[in-house]
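J.: Each residue of the sequence shown is one higher than the one before, starting from 19 at the first, in this note's numbering.
Heads up, the beta-carbon is just placed ideally off N, CA and C, and yes, glycines get one too.
Computed from a prediction, not measured in an experiment: that's the story for all the values here.
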Amino acid sequence: MDEEMMQREVEAMSINRLNELGNRAIQAGLIAGHGYYQGQYELLHQGNSVLLSPEEAENYLENLLHKAA
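#1: Could you pull out every residue in the same chain whose Cβ sits closer than 8 Å to the Cβ of LEU83, ignoring the five residues on either side in sequence?
#2: My understanding is that TYR78 touches LEU62, with C-beta atoms under 8 Å, so please give their C-beta distance in whole angstroms.
#3: Quick check on DSSP: helix, strand or coil for LEU39?
#4: How is the beta strand (DSSP E) around LEU82 delimited, first residue to last?
#5: Out of GLY53, GLU76, GLU80 and GLU73, which one is the CA nearest neighbour of SER67?
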């Protein structure tokens, strides 16, 4: 497998992970929505739109879900 293909697979796994975390947060009533917007990851939380890097969004969602558990 070449380097470019591996990078694409890693990116796809990251997108899937963010989608999973975002959907769990919606189901738990912690956020209203989530998704990519202009190269960043947008979270709709407490009436505000928060734009984060994908890595920051993953950490944010993990912490949010952990605190709610």
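T.: Walking through what the data contain:
#1: Taking the sequence shown and counting its residues from 1, one reaches residue 83 at position 65. Cβ within range, chain order: LEU39, ARG42, ALA43, ALA46 and LEU48.
#2: Position 60 of the sequence shown, counting from 1, holds the residue named residue 78. Position 44 of the sequence shown, counting from 1, holds the residue named residue 62. Not really, about 13 Å apart at Cβ, beyond 8 Å.
#3: Numbered from its first residue, the sequence shown carries residue 39 at position 21. Of the three classes helix, strand and coil, the one that applies to LEU39 here is helix, per DSSP.
#4: Counting from 1 along the sequence shown, the entry for residue 82 is found at position 64. No beta strand (DSSP E) contains LEU82, which is instead part of the alpha helix (DSSP H) from 72-86.
#5: In the sequence shown, counting from the first residue as 1, residue 67 sits at position 49. That would be GLY53, whose Cα lies nearest to the Cα of SER67.
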